[in-house]
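First comes the structure, then the notes that go with it.
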Amino acid sequence: MWKNTKLFHDTCRQCRRSLFPSNERGIQSTSVSNRFWESSPRGEYRDQKKFAKEYEKEQLKKLWGLKDGFRDLRDEVFKWTKEVKDHVTGDDSHLWVIHGDRDPVWTFNNKNTLSQFQAFSDSDHNEGFSKCELVMSPTGKGLFQGFVNTRPPKDGRVKYAGYCIMKSNDIVKSFKRRAHMDWSNYTHLVMRVRGDGRSFVINLSVAGFYDITWNDVYHYVLFTRGGPYWQFVKIPFSKFVMASKGRTQDFQERVPLTQISSFGIAAAKVDGPFSLEIDYVGLECDESFAEEFAYEMYRVPKYIANV
Numbered sequence: 001m002w003k004n005t006k007l008f009h010d011t012c013r014q015c016r017r018s019l020f021p022s023n024e025r026g027i028q029s030t031s032v033s034n035r036f037w038e039s040s041p042r043g044e045y046r047d048q049k050k051f052a053k054e055y056e057k058e059q060l061k062k063l064w065g066l067k068d069g070f071r072d073l074r075d076e077v078f079k080w081t082k083e084v085k086d087h088v089t090g091d092d093s094h095l096w097v098i099h100g101d102r103d104p105v106w107t108f109n110n111k112n113t114l115s116q117f118q119a120f121s122d123s124d125h126n127e128g129f130s131k132c133e134l135v136m137s138p139t140g141k142g143l144f145q146g147f148v149n150t151r152p153p154k155d156g157r158v159k160y161a162g163y164c165i166m167k168s169n170d171i172v173k174s175f176k177r178r179a180h181m182d183w184s185n186y187t188h189l190v191m192r193v194r195g196d197g198r199s200f201v202i203n204l205s206v207a208g209f210y211d212i213t214w215n216d217v218y219h220y221v222l223f224t225r226g227g228p229y230w231q232f233v234k235i236p237f238s239k240f241v242m243a244s245k246g247r248t249q250d251f252q253e254r255v256p257l258t259q260i261s262s263f264g265i266a267a268a269k270v271d272g273p274f275s276l277e278i279d280y281v282g283l284e285c286d287e288s289f290a291e292e293f294a295y296e297m298y299r300v301p302k303y304i305a306n307v
């Protein structure tokens, strides 16, 4: 039943996106693909030549890979068995969330948590000169730092540059199945951070089943004060804005909290160094918060562009 509901929501988003495209430039500036079909979630970042060579090697190694395939099958069966046991005897505390509960999702106090994230910038894709990293700070917390450079390379292809992103790894279950985080019992995203005064962007990816939803991301701004003191951030999920490939969509809707595939933070647009120290990222249930969605949609004539 849940899977059918998820496919229904993805289908609705796909139809709405196809019928009512948007050309507004959003938080990030990325190239738009006018193709109806997307061959890979990586989009234009996939190296076509490298992909072709890897595909040829895979075809040649198919017979030799039977042994490795059986070994992988054994590992996946063990993983599936563990998932079934955890489902039967696992922790069900998430079913008993009450008003005022604040549960951490990631606590950045060890390298194991840092290994669940990846940091990358435009220079990693040969599209700019920004650099970033996610390391442990001297105080034992997560430190996202680097340098943003908005100067585009002189290759005649890239027009805009200057971004650094930290992003959580995708959740993969047994047999290479993609999974999602269920945050539906909570109303706010909470963080304890210490920044340098720069504004960052929080990204909640909700990639769905269809290719047209692979780049659906919800954004909201993270303002930091700077200085030596920690700050507590509490952001309602109703405030997040939906975008696809960096472009804000005309038709907005509330974050589907049952389909969170990854969490990320981005620094962009302003040249110079940046530093963001993170203690934890968590969720809070505030039943006194009654707002469902902050942005009101209006019915406009059909001949108006971009609606």
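Going by the UniProt record's numbering, the sequence shown opens with residue 1, and the numbers climb by one from there.
All C-beta atoms in this analysis are idealised placements derived from N, C-alpha and C, irrespective of residue type, glycine included.
Checklist entry - Which residues bound the alpha helix (DSSP H) around residue 308? => result As displayed, the chain neither begins before 1 nor continues past 307, which places residue 308 out of reach and without an answer.
Item to check | Between the CA atoms of S199 and T224 - distance to the nearest angstrom | outcome: Distance between the alpha carbons of T224 and S199 is about 6 Å.
Next on the checklist: Between the region 125 to 136 and the region 147 to 165, can you find at least three pairs of beta-carbon atoms closer than 8 Å?
Outcome noted: At 8 Å Cβ cutoff, the stretches touch.
Checklist entry - Could you give the distance in angstroms between the alpha-carbon of F187 and the alpha-carbon of D286? => result Residue identity check: residue 187 is Thr in the sequence provided, not Phe. Note on geometry: alpha-carbon atoms of T187 and D286 lie some 6 Å from one another.
Item to check | Cβ-Cβ separation, K141 to D279 (assumed contact under 8 Å), whole Å | outcome: The C-beta distance from D279 to K141 rounds to 5 Å, short enough to fall under 8 Å.
Item to check | Residue environment, S205, which counts as buried when at least 16 other CB atoms sit within 10 Å | outcome: Buried, by the Cβ-count rule.
Checklist entry - On the three-pair Cβ rule with 8 Å, is the region 175 to 195 touching the region 226 to 237? => result Because the criterion of three Cβ pairs below 8 Å is met, the region 175 to 195 and the region 226 to 237 touch.
Checklist entry - How big is the Cα-Cα spacing for V217 and R247? => result Take the alpha-carbon of V217 and the one of R247: they are about 10 Å apart.
Item to check | Residue nearest to N185 in terms of C-alpha spacing, selected from T81, V270, D101, D155 | outcome: For the options T81, V270, D101, D155, the alpha carbon positioned closest to that of N185 is the one of D101.
Next on the checklist: Suppose the cutoff is 6 Å on Cβ atoms and the five residues either side in sequence are ignored; what does the same chain contact list for F293 look like?
Outcome noted: Once the five neighbours on either side are set aside, the close Cβ partners of F293 are S238, R254.
Item to check | N203 classed as buried or exposed, judged by whether at least 16 other C-beta atoms fall within 10 angstroms | outcome: Of the residues assessed, N203 falls on the buried side of the cut-off, its CB having 16 or more other CB atoms within 10 angstroms.
Checklist entry - Where does F190 fall in DSSP's three states? => result Residue identity check: residue 190 is Val in the sequence provided, not Phe. V190 falls in the strand class under three-state DSSP.
Item to check | L114, enclosing beta strand (DSSP E) - first and last residue | outcome: Where L114 is concerned, there is no enclosing beta strand (DSSP E), although the alpha helix (DSSP H) it sits in stretches over 111 to 114.
Item to check | Cα-Cα separation, T107 to S123 | outcome: Straight-line Cα distance between these residues: approximately 28 Å.
Checklist entry - For F231, which beta-bridge partners are listed by DSSP? => result Phe is not the amino acid found at residue 231; the sequence shown has Gln there. Paired residues: V193.
Checklist entry - Any idea what DSSP makes of I98, helix, strand or coil? => result DSSP, read as helix, strand or coil, puts I98 in coil.
Checklist entry - Exposed or buried, what is Q116 when buried is set at 16 or more other beta-carbons lying within 10 Å of its beta-carbon? => result With fewer than 16 other Cβ atoms within 10 Å, it is exposed.
Checklist entry - Near S262, what residues of its chain come up, given a Cβ to Cβ distance below 7 Å and the 5 sequence neighbours on each side ignored? => result K167, S168, D170, S205.
Item to check | Through-space distance from H219 to P138, alpha-carbon basis | outcome: Cα to Cα, the separation comes out at about 30 Å.
Next on the checklist: Our contact map puts S275 next to D196 with C-beta atoms below 8 Å; I'd like the distance itself, whole angstroms only.
Outcome noted: In this structure S275 is in contact with D196, their Cβ atoms being roughly 5 Å apart against a cut-off of 8 Å.
Item to check | 6 Å Cβ shell around E76 - same chain, five flanking residues per side excluded | outcome: Within the same chain, E76 has close Cβ partners S174, F175.
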